[in-house]
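Numbering (the UniProt record's numbering), first residue to last: 1 to 838. Every residue, glycine too, gets a C-beta built ideally from N, C-alpha and C.
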């Protein structure tokens, strides 16, 4: 058979790619003979076979570099010089070369250039200079991103005739400025519009878990490469699930931001310029969630910011139909016809689907062409978005957890429709794929039957069941976490520690407690304990006292003198509200400020009040722009707006006072570090925030037990609790000290005397744990004090040797435990109620 012109071009391109792999990196025949061929037709479990180790190509150190480190740990080793960029780059280059030989996941390689780049970065580090936060880290990018002097064919044979890229895409340029090493580009589907990364130039990308299953698309090369650990961090793009589908198929983490959140431009397009009616997003894929956050934070540090926007019941199928209608407005097959290459199977299937898919939602668009059709589709899109805004608003949603698809990975060319992922592109919502659990033929033998009105992967029910139970044996499941448009800060935060207190407790005198929380109806409720007034009011068995109002954040309570209580909450309009209570025990208590009064502002964090003297409150919160703000009460609230304290924060503040006119304030920055700022003698002691190093997934907690003393706590990325102390002059230790334990909640800390601290946290088993610091040292290990909780602890002390700690139990009610006379009470006491924990 004669070789056509397009086949000759492809053969030359493929040979050039093979020639770029060093001979010493080629897999030996002894390894290749272990595989059943053709690879796409047999379930070769590449990862389980441990081919990198069997091949002998990587040293033991290189195997450890590619398998044992998270991205954060790699960056730390690179910063310290424990690992050089050159050895890390070579290790991942070798593994990427192996991945290409097994999985066909690469389109372009830059192995010599990457090593030169790594040597330069190592020389910079030796001179005491780090180029940026990604210094020395190899990063892979999807084929569409342009790299000067090389091709970006996006899978079209006709694009082989295009001129080589004259310059880097903006995102590639930014990655280099941040210190990264870009060393490979990864495979995509013909047309970029299917869930199978298969084209006539680079072939079909295979799933490293099972070569008979799809790796997904259109960022399938990234998904396969990262799952094989041939890249620590990759950049894909997404217009209908193109990051999320490969992540769910290959069992990796993947994040699709809102449009333009991460620079996408400078890429060739399969459609005509101006024909993108909803824009693609660029985003990261990795084997650990923290890597996604590191990439996003590094880009934010370069000045790529979210613009805060106030958010303004649709069927998924409507969005699906709309997406297909947009795709059908142009003809990517024209690029295919230009070279004479054939359509690959997944593109044939997609075109048949686009042609046959009908939806009543678009019935009134039938017959429209050109600009009228475009306008009608845009109206439809906005109607879907508006309905979802209403859902988000009416249901008071913070995040949604759901499936990324109706299936895990399926056989090649059978993925079919992507309704769950495409909906979020129509809405332009950010979303993160999070892998969990594994399918098992022993545990997941149950079959299901699709209804006549349901659409799934393009295979029979019997075949789908076979794929799920047999081919997917021990295969990864994932879930999808979407948020509203431009809320990826919250999305990434939602993937971190989530358990917060949700109740607030304060004491304004001996034997006195006030507990406040947000009920299921968004109203605030209170219960108070006063031994001199007969105990709990309302009683333990009675309903809580409603304080009216509607609130969306954890409340806060503070006392600045005997008998005084000030309570704060964030309303549904994001404004700060407060009311105040007074009680002298002779005339009884009453509300001094009875109705909720607005003190304005717009906040995304709970209120954080602190008092350093009689009649004084300093109130802090994180604004909608991620800055911290303060307002002062000294008999009346300070006039004018809230005082901006600069900085950008992802956690609620923490604040404490250890003396008159002294405040210490803390927050977790966008880089996960903790930052500190102090106020003394009517002025801030520094003009900016001071970094305290460390990396945290919880908000900070701070307590003081005496003049000049601060003890700060937070939960690290390893779920351990960390501690740092200040003695009035210096931080006692430069480094954070781990105090062991594994926690899923924000800590709570309280002091009832000089040199004494009691710390609490919710363990991974949902039990509450306690540890004490006394006379200069920690007393023993963490001790479980029982209970099962869905909120973080809230602890308070009203006298020497007395602690009361509260939490919201699995029944949504409040539970109390107390410590007195050197012992804990025999059991937890229920206070009833039904309270929110989200």
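query                                                                                                                           : result
Per DSSP, cross-strand counterpart(s) of residue 579                                                                            : 567
Residue range of the unbroken beta strand (DSSP E) whose run includes residue 612                                               : 608-613
Touching by the beta-carbon criterion (3+ pairs, under 8 Å), the segment 167-174 and the segment 60-73                          : no
Simplified DSSP assignment, three categories, for residue 107                                                                   : strand
Selected residue, minimal CA-CA separation from residue 286, among 522, 234, 6 and 556                                          : 234
Beta-carbon proximity check, residue 101 vs residue 27, cutoff 8 Å                                                              : yes
Beta-carbon contacts of residue 4 that lie in its chain and below 7 Å, excluding the five residues immediately before and after : 340
Local conformation of residue 515 per DSSP, three classes                                                                       : strand
Proximity below 8 Å, CB of residue 574 to CB of residue 624                                                                     : yes
Between the CA atoms of residue 160 and residue 9 - distance to the nearest angstrom                                            : 8 Å
Cα-Cα separation between residue 510 and residue 427, rounded to whole angstroms                                                : 54 Å
Residue 82 vs residue 138 beta-carbon contact at 8 Å                                                                            : no
Continuous alpha helix (DSSP H) stretch holding residue 677: start and end                                                      : Looking at the DSSP string, residue 677 is not in any alpha helix (DSSP H); the run it does join, the beta strand (DSSP E), is 674-680.
Burial state of residue 658, where buried means 16 or more other Cβ atoms lie within 10 Å                                       : buried
Backbone CA spacing between residue 580 and residue 629 [nearest angstrom]                                                      : 21 Å
6 Å Cβ shell around residue 136 - same chain, five flanking residues per side excluded                                          : 78, 85 and 121
Residue 410 versus residue 211: straight-line alpha-carbon distance, rounded                                                    : 11 Å
Residue from 143, 599, 424 and 529 whose Cα sits closest to the Cα of residue 405                                               : 424
Where residue 211 falls: helix, strand or coil (DSSP)                                                                           : strand
Residue 164, buried or exposed, once every other Cβ within 10 Å from all chains shown has been counted against 16               : exposed
Residue of 797, 416 and 740 minimising C-alpha distance to residue 780                                                          : 740
Opening and closing residue of the alpha helix (DSSP H) in which residue 55 lies                                                : 51-55
Where the beta strand (DSSP E) through residue 423 begins and ends                                                              : That residue, residue 423, is in no beta strand (DSSP E); its alpha helix (DSSP H) goes 419-427.
N- and C-terminal bounds of the beta strand (DSSP E) containing residue 524                                                     : 524-530
Through-space distance from residue 36 to residue 54, alpha-carbon basis                                                        : 17 Å
Residue of 663, 655, 119 and 745 minimising C-alpha distance to residue 696                                                     : 745
8 Å Cβ cutoff met for residue 653 and residue 667                                                                               : yes
Inter-stretch contact at 8 Å, needing at least 3 Cβ pairs: the segment 247-254 / the segment 123-130                            : no
Contact belief for residue 514 with residue 557 at Cβ below 8 Å, rounded distance in angstroms                                  : 6 Å
Inter-residue Cα distance where the pair is residue 325 and residue 377                                                         : Caution is warranted here: a pLDDT of 46 is assigned to residue 325, below 50, making its placement in the model unreliable, and the coordinate value is therefore given only provisionally. Roughly 8 Å separates the two Cα atoms.
Simplified DSSP state of residue 842, which is helix, strand or coil                                                            : Not covered by the structure: residue 842. The range shown for the chain is 1 to 838.
Secondary structure of residue 760, DSSP reduced to three states                                                                : strand
Residue 770 in three-state terms, based on DSSP                                                                                 : strand
Cβ neighbours of residue 690 in the same chain (closer than 8 Å, five flanking residues each side left out)                     : 675, 676 and 677
Segment limits, beta strand (DSSP E) that includes residue 174                                                                  : First-last for residue 174: 170-177, but that is the alpha helix (DSSP H), not the beta strand (DSSP E).
Alpha helix (DSSP H) segment containing residue 408, residue limits                                                             : Here residue 408 belongs to no alpha helix (DSSP H), and DSSP marks it neither H nor E.
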